[in-house]
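Trainee:
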Amino acid sequence: MIPVTVLTGFLGSGKTTLLAHLLKSPKLARTAVIINEFGAVGIDHDLVEAGEESFVQLETGCLCCSIRGDLEATIADLIARRAGGTVPPFERIVIETSGLADPAPILNAIMSEGVRGSGITLGRIVTTVDAVNGLTTLAREPQSVRQVAVADHLILTKTDLATPDAGLAARIAALNGRAPVSEVLFGNIDADDLLDAAPHALDNLHLDAGHVHGEDVQCIVVRRDRPMRALTLTLLLEALADHVGPELLRLKGIVNIAERPDRPAVIHGVQHVFHAPIWLDKWPSADRNTRLVLIGRGLARPWIEHLIAAIDAELAELTTRA
Numbered sequence: 014m015i016p017v018t019v020l021t022g023f024l025g026s027g028k029t030t031l032l033a034h035l036l037k038s039p040k041l042a043r044t045a046v047i048i049n050e051f052g053a054v055g056i057d058h059d060l061v062e063a064g065e066e067s068f069v070q071l072e073t074g075c076l077c078c079s080i081r082g083d084l085e086a087t088i089a090d091l092i093a094r095r096a097g098g099t100v101p102p103f104e105r106i107v108i109e110t111s112g113l114a115d116p117a118p119i120l121n122a123i124m125s126e127g128v129r130g131s132g133i134t135l136g137r138i139v140t141t142v143d144a145v146n147g148l149t150t151l152a153r154e155p156q157s158v159r160q161v162a163v164a165d166h167l168i169l170t171k172t173d174l175a176t177p178d179a180g181l182a183a184r185i186a187a188l189n190g191r192a193p194v195s196e197v198l199f200g201n202i203d204a205d206d207l208l209d210a211a212p213h214a215l216d217n218l219h220l221d222a223g224h225v226h227g228e229d230v231q232c233i234v235v236r237r238d239r240p241m242r243a244l245t246l247t248l249l250l251e252a253l254a255d256h257v258g259p260e261l262l263r264l265k266g267i268v269n270i271a272e273r274p275d276r277p278a279v280i281h282g283v284q285h286v287f288h289a290p291i292w293l294d295k296w297p298s299a300d301r302n303t304r305l306v307l308i309g310r311g312l313a314r315p316w317i318e319h320l321i322a323a324i325d326a327e328l329a330e331l332t333t334r335a
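Numbering (my numbering) for the sequence shown: 14 to 335.
#1: If you count every other CB in all the chains shown that lies within 10 Å of the CB of His-256, and 16 or more means buried, which is it?
#2: Mapping the DSSP letters down to three states, classify Ala-289 as helix, strand or coil.
#3: Enumerated in chain order, which unbroken segments of the beta strand (DSSP E) with a length of 3 residues or greater are wholly contained in the region 118-190?
#4: Is Glu-10 helix, strand or coil by DSSP?
#5: Buried or exposed, going by whether 16 or more other CB atoms sit within 10 Å of the CB of Asn-201?
#6: What residue range is occupied by the uninterrupted alpha helix (DSSP H) comprising Arg-270?
#7: At which residues does the alpha helix (DSSP H) containing Arg-95 begin and terminate?
#8: What does the alpha-carbon distance come out to for the pair Pro-277 and Gly-190?
#9: How long is the line joining the alpha carbons of Arg-159 and Ile-106, rounded to whole angstroms?
#10: What span of residues does the beta strand (DSSP E) with Val-279 cover, start to end?
#11: Taking the C-alpha atoms as reference points, what is the distance between Ala-86 and Ile-119?
#12: Starting from Glu-251, trace the beta strand (DSSP E) both ways and give me its first and last residue.
#13: Can you tell which of Asn-302, Asp-275, Gly-282 has the C-alpha that lies nearest to the C-alpha of Leu-293?
#14: Considering only the alpha carbon of each residue, which of Gly-132, Ala-329, Leu-20, Ser-26 lies closest to Glu-154?
#15: For Phe-287, I'd like the list of residues in its chain whose CB is within less than 6 Å of its CB, leaving aside the five on either flank, ordered along the chain.
#16: If you pair each beta-carbon of the region 301-316 with each one of the region 257-265, do three or more pairs fall below 8 Å?
#17: Return the CA-CA distance between Pro-116 and Val-161, expressed in angstroms with no decimal places.
#18: Closer than 8 Å is the cut-off here; do at least three beta carbon pairs connect the region 123-130 with the region 142-157?
#19: Over the uninterrupted beta strand (DSSP E) stretch that includes Leu-36, give me the two end residues.
#20: What would DSSP say about Leu-207, mapped onto helix, strand or coil?
#21: With DSSP as the reference, identify every bridge partner of Gly-309, one or two as the case may be.
#22: Might you give, ordered along the chain, the residues of its own chain that have their beta carbon closer than 6 Å to the beta carbon of Asp-165, omitting 5 neighbours on each side?
#23: Which residue marks the beginning of the beta strand (DSSP E) containing Asn-302, and which one marks its end?
#24: Leaving out five residues before and five after Leu-320 in sequence, what residues of the same chain have Cβ atoms less than 7 Å from its Cβ?
#25: Which same chain residues, not among the five before or five after Thr-110, have their C-beta less than 6 Å away from its C-beta?
#26: List the endpoints of the continuous beta strand (DSSP E) containing Ala-45.
#27: Can you list, in chain order, the residues of its chain whose CB lies under 7 Å from that of Arg-94, leaving out five sequence neighbours each side?
#28: Considering only residues of the same chain and omitting the five flanking positions on each side of Ala-175, which have a CB-CB separation below 7 Å?
#29: Between the C-alpha atoms of Leu-60 and Leu-36, what's the straight-line distance to the nearest angstrom?
#30: Expressed to the nearest angstrom, what Euclidean distance is found between the alpha-carbon atoms of Asp-43 and Leu-31?
#31: Identify whether Thr-21 lies in helix, strand or coil by the three-state DSSP scheme.
#32: Could you give the distance in angstroms between the alpha-carbon of Ala-89 and the alpha-carbon of Ser-131?
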């Protein structure tokens with residue numbers, strides 16, 4: 014599987030500076046970079062004056078393109094070119110989003126391609142936050158709230174211009190208390206910190222943060238101390254897709270499946286699209302409880318807990334009748 018790292022953040026938050034620094038690193042060799050932006054984009058060393066279907070080979074071994082059109086089509090074309098040998102055999106993809114982008118459709122596009130069997134999987138979501146204007150931006154721009162809420166790793170930029178104040182730190186923690194926060198100067202950060210985590214690792218899935226929210230975005234944590242039937246999980250995901258799919262910015266979790274108690278299932282979803290479960294070889298810790306994190310709008314933990322209980326009860330009744 015080819016992990017896809019998403020680099021997002023609001024306009025002026027330092028995404029391009031961060032990406033320009035990363036692209037100078039040999040650690041990004043065998044990486045395909047997609048810049049999903051309007052118009053020509055320049056990132057320092059004449060990186061891109063590219064059209065919609067242009068790919069630029071960089072000295073470090075990266076492959077880069079700039080698109081103005083359909084992201085799913087670009088990913089599919091890139092994978093096809095890789096399979097056909099017309100581009101280098103990259104091992105990861107990095108997507109820099111437009112600063113105005115709602116992250117959900119982008120994550121949806123990635124996961125849709127994965128479901129179609131393209132061999133890609135959603136990796137880490139990295140969000141840049143401006144230390145100078147971040148607090149104001151989060152107060153005024155709903156897209157920036159969503160970008161922070163779905164992040165696996167938050168990058169605090171422009172710390173050379175301003176010392177991050179307690180208000181910004183508190184706001185970020187309220188929106189996303191699970192993701193680690195790194196401060197960077199001039200986009201200088203080690204590529205390993207952002208790109209080399211296993212795509213389905215749960216190293217950032219800290220589930221004791223409870224229910225936090227900001228504006229119209231909520232984060233709900235659901236725990237379950239009993240194993241879940243595989244069919245219960247399937248029906249749960251179908252119900253979530255049907256009833257809250259458009260409002261579900263992201264779902265991730267680790268599930269104790271009754272039929273395979275020694276191999277937990279890792280699940281990822283965005284809106285109405287869900288990856289097939291990834292089966293780990295073993296539990297990553299002594300905690301074998303099912304843990305689900307749902308990020309989106311209009312979510313209610315009691316409803317989800319009751320939904321799981323109702324599915325369990327219906328399956329138990331069907332089993333008894335059989």
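We treat Cβ as the ideally placed atom computed from N, Cα and C, and that holds for glycine.
Mentor: Concretely, from the data shown:
#1: Sequence index remark: in the sequence shown, residue 256 carries index 243 (1-based). Exposed, since its Cβ has fewer than 16 Cβ neighbours within 10 Å.
#2: If you number the sequence shown from 1, residue 289 lands on position 276. Correct three-state label for Ala-289: coil.
#3: Here the runs fully enclosed are 133-143, 166-170.
#4: Residue 10 lies beyond the range of the chain shown here (14 to 335); nothing can be said about it.
#5: Position 188 of the sequence shown, counted from the first residue, corresponds to residue 201. With fewer than 16 other Cβ atoms within 10 Å, it is exposed.
#6: Taking the sequence shown and counting its residues from 1, one reaches residue 270 at position 257. In the sequence as displayed, the identity of residue 270 is Ile instead of Arg. First-last for Ile-270: undefined, no H or E at that position.
#7: Start at 1 with the first residue of the sequence shown, and residue 95 comes out as number 82. From DSSP, the alpha helix (DSSP H) with Arg-95 extends over 84-97.
#8: Numbered from its first residue, the sequence shown carries residue 277 at position 264. Numbered from its first residue, the sequence shown carries residue 190 at position 177. Approximately 24 Å, taken between the alpha carbons.
#9: Counting from one through the sequence shown, the residue named residue 159 turns up at place 146. Counting from one through the sequence shown, the residue named residue 106 turns up at place 93. Near 22 Å, if we compare the C-alpha coordinates of Ile-106 and Arg-159.
#10: Here residue 279 corresponds to residue number 266 of the sequence shown, with the count starting at 1. 278-283 is the extent of the beta strand (DSSP E) around Val-279.
#11: Here residue 86 refers to the residue found at position 73 when the sequence shown is read from its first residue. Here residue 119 refers to the residue found at position 106 when the sequence shown is read from its first residue. Spanning the two alpha carbons is a distance of roughly 12 Å.
#12: Reading the sequence shown from its first residue, position 238 is the one you call residue 251. Looking at the DSSP string, Glu-251 is not in any beta strand (DSSP E); the run it does join, the alpha helix (DSSP H), is 243-257.
#13: Position 280 of the sequence shown, counted from the first residue, corresponds to residue 293. Cα-wise, what sits closest to Leu-293 is Asp-275.
#14: On the sequence shown, position 141 is the one that residue 154 refers to. Ranking the options by Cα distance to Glu-154, first place goes to Ser-26.
#15: Taking the sequence shown and counting its residues from 1, one reaches residue 287 at position 274. These residues qualify, in order along the chain: Leu-250.
#16: yes
#17: Taking the first residue of the sequence shown as position 1, residue 116 is located at position 103. Taking the first residue of the sequence shown as position 1, residue 161 is located at position 148. The straight-line gap from Cα to Cα measures roughly 10 Å.
#18: no
#19: As a working note, residue 36 is residue 23 in the sequence shown. It is not in any beta strand (DSSP E) - Leu-36 instead sits in the alpha helix (DSSP H) that spans 28-36.
#20: As a working mapping, residue 207 is identified with position 194 in the sequence shown. Looking at Leu-207 - three-state DSSP - the assignment turns out to be helix.
#21: As a first step, residue 309 must be located in the sequence shown, where it is residue number 296. According to DSSP, Gly-309 bridges with Gln-231, Leu-261.
#22: Mapped onto the sequence shown, residue 165 falls at position 152. Arg-137, Ile-138, Ala-192, Asn-217, listed in sequence order.
#23: Counting from one through the sequence shown, the residue named residue 302 turns up at place 289. Per DSSP, Asn-302 belongs to no beta strand (DSSP E) and is neither H nor E.
#24: For the purposes of this step, residue 320 is taken as residue 307 along the sequence shown, with counting starting at 1. So the qualifying residues of the chain are Leu-249, Ala-252.
#25: Taking the first residue of the sequence shown as position 1, residue 110 is located at position 97. In the same chain as Thr-110, and ignoring 5 residues on each side of it, the C-beta atoms closer than 6 Å to its own belong to Thr-21, Asn-49, Ile-119, in chain order.
#26: Numbered from its first residue, the sequence shown carries residue 45 at position 32. Its beta strand (DSSP E) spans residues 44-49.
#27: Mapped onto the sequence shown, residue 94 falls at position 81. The residues are Val-100.
#28: By one-based count along the sequence shown, residue 175 stands at place 162. Ala-144, Val-145, listed in sequence order.
#29: Taking the sequence shown and counting its residues from 1, the one referred to as residue 60 is at position 47. Taking the sequence shown and counting its residues from 1, the one referred to as residue 36 is at position 23. Note that Leu-60 scores a pLDDT of 41, beneath 50, so its modelled location is shaky and nothing firm can be said.
#30: For the purposes of this step, residue 43 is identified with residue 30 of the sequence shown, where counting begins at 1. For the purposes of this step, residue 31 is identified with residue 18 of the sequence shown, where counting begins at 1. The question names Asp, but residue 43 in the sequence shown is Arg. The alpha-carbon atoms of Arg-43 and Leu-31 are separated by roughly 18 Å.
#31: Translated into positions along the sequence shown, residue 21 becomes position 8. Under the three-state reduction of DSSP output, Thr-21 falls in the strand class.
#32: The sequence position of residue 89 within the sequence shown is 76, counting from 1. The sequence position of residue 131 within the sequence shown is 118, counting from 1. Answer to the nearest angstrom: the Cα atoms are 7 Å apart.
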